[in-house]
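S.K.: For reference, the structure I am asking about is given below.
2 protein chains.
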Amino acid sequence: MTEKTIPVGCTEDPAAEHDHEAILRLVRRELPTDELLCDLADLFKLFGDTTRMKILFALMESEMCVCAIADLLGMTQSAISHQLRILKDANLVGNRREGKTIYYFLSDDHVRTIVAQGFDHLIEDYTENGERKEEP
Amino acid sequence: MTEKTIPVGCTEDPAAEHDHEAILRLVRRELPTDELLCDLADLFKLFGDTTRMKILFALMESEMCVCAIADLLGMTQSAISHQLRILKDANLVGNRREGKTIYYFLSDDHVRTIVAQGFDHLIEDYTENGERKEEP
DNA sequence: CATTCATATGTTTGTCTGTTCATATGATAG
DNA sequence: CTATCATATGAACAGACAAACATATGAATG
Chain A
257 MTEKTIPVGC TEDPAAEHDH EAILRLVRRE LPTDELLCDL ADLFKLFGDT
307 TRMKILFALM ESEMCVCAIA DLLGMTQSAI SHQLRILKDA NLVGNRREGK
357 TIYYFLSDDH VRTIVAQGFD HLIEDYTENG ERKEEP
Chain B
257 MTEKTIPVGC TEDPAAEHDH EAILRLVRRE LPTDELLCDL ADLFKLFGDT
307 TRMKILFALM ESEMCVCAIA DLLGMTQSAI SHQLRILKDA NLVGNRREGK
357 TIYYFLSDDH VRTIVAQGFD HLIEDYTENG ERKEEP
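Chains as they are written, first to last, in the numbering used here: chain A, 257 to 392; chain B, 257 to 392.
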């Protein structure tokens, strides 16, 4: 019984009554590679932080220098700089130098479309459920 | 100098030469509320995990029971169940009972559009930079 | 060339979160 | 009503990560 250490919860026996073989074959055929799925999750992870989201929204209005963003969000220049580096490594933002100050800007319109998509989902949730979900 | 403990990096003096007041006013006016920005980040956070991303892709093909997903991803039933709960709390998936087994499905087409948007961005990155960025 | 301003970076710390293990619920069959 | 299958849940542990702090780079100005 403990010979293969397969997770509990579902019958290990291939010939069990509860059979998902058909569906598994179908889904396995259509599922993208692990690498792509990972990259995709990593992309969305960038949008999954409040600070970065704020930065992106700010840059949608105008290019900004680091200390302006820090001022806007009421956060350390260091914190903003770290986040900007992450966004830049992912090619979501670019920067240009002008004397001492460095201006950051959105490098892509994908950012706008991706964020807009999530925005729509949220708004629909808000209107569907009155104000906020699970309330008496 | 240390009277207000304002982060270093940018001049604290409101009348400093490096002036972002104009831009700050503009951006502050257009920036959504903190609550909305948080909710938006929380939404994207859901897509920011490989396991959840795989589950969502699988459910795009067909509704599936928990143990089928666990089998597909080679993971514990418990792990899958925990993630499904998170997705269900966010109304991204729903479930229905059929005897002992419980089938999960996408509750929304938003999931498809959101994921597709990220997908497009990735694909474009892939083709733009040959195969993968930063290589000799 | 020394100083100052704007930004970047390395390190540390505290928090969040995904997985595992053990156990509980809930439904069906005998 | 007991045993078993499918799933859910609670607690604990480990890894990831964002913010803070201190410090380094790099440009401009006198």
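We treat Cβ as the ideally placed atom computed from N, Cα and C, and that holds for glycine.
1) Thinking just about the alpha-carbon of each residue, which of B:Arg284, B:Glu286 and B:Ala314 is nearest to the one in B:Leu329?
2) So, B:Val371 versus B:Leu348, is the Cβ gap smaller than 7 Å?
3) To the nearest angstrom, how far is the alpha carbon of B:Ala346 from that of A:Leu302?
4) Helix, strand or coil: how does DSSP classify B:Met331 here?
5) Whose CA, out of A:Glu291, A:Asn351 and A:Arg281, lies closest to the CA of A:Ser363?
6) Pairing CB atoms from the segment 334-343 of chain A with CB atoms from the segment 305-323 of chain A, are three or more of them under 8 Å?
7) For a cutoff of 7 Å on Cβ pairs, would you count A:Asp295 as touching chain B?
8) Any C-beta of chain B sitting closer than 7 Å to the C-beta of A:Leu378?
9) With distances taken Cα to Cα, identify the nearest neighbour of A:Ile325 among A:Leu292, A:Leu296, A:Tyr359 and A:Asp298.
10) B:Gly374 and A:Leu343: beta carbons closer than 7 Å?
11) Under the DSSP definition of a beta bridge, which residues are partnered with B:Phe313?
12) Tell me the DSSP bridge mates of A:Asn351?
13) Provide the residue span of the alpha helix (DSSP H) that contains A:Gly304, from first to last.
14) Would you check if the distance between the CB atom of B:Leu296 and the CB atom of A:Leu378 is smaller than 7 Å?
15) Quick one: which chain B residues come within Cβ less than 8 Å of A:His276?
16) Is the CB of B:Thr306 under 7 Å away from at least one CB in chain A?
17) State buried or exposed for A:Pro270, treating a residue as buried only when at least 16 other CB atoms are found within 10 Å of its CB.
18) Name the chain A residues that come within less than 7 Å of B:Ile370, Cβ to Cβ?
19) From which residue to which residue does the alpha helix (DSSP H) around A:His366 run?
20) At the level of alpha carbons, what is the spacing between B:Lys389 and A:Asp290?
21) Any C-beta of chain A sitting closer than 7 Å to the C-beta of B:Val283?
22) Determine the chain B residues that contact A:His366 at a beta-carbon separation under 8 Å, and present them in chain order.
M.R.: Well, looking at it:
1) B:Ala314
2) no
3) 19 Å
4) coil
5) A:Asn351
6) yes
7) yes
8) yes
9) A:Tyr359
10) no
11) According to DSSP, B:Phe313 bridges with nothing at all.
12) A:Tyr360
13) Here A:Gly304 belongs to no alpha helix (DSSP H), and DSSP marks it neither H nor E.
14) yes
15) Met320, Cys321, Cys323, Ala324 and Asp327
16) yes
17) Bear in mind that the predicted position of A:Pro270 carries a pLDDT of just 41, short of 50, making it too unreliable to give a figure here.
18) Gln373, Gly374 and His377
19) His366 to Glu384
20) In this prediction, B:Lys389 scores a pLDDT of 43, lower than 50, which makes its location untrustworthy; the coordinate-derived value is nonetheless stated afterwards. Spanning the two alpha carbons is a distance of roughly 18 Å.
21) yes
22) Gln373, Asp376, His377 and Glu380
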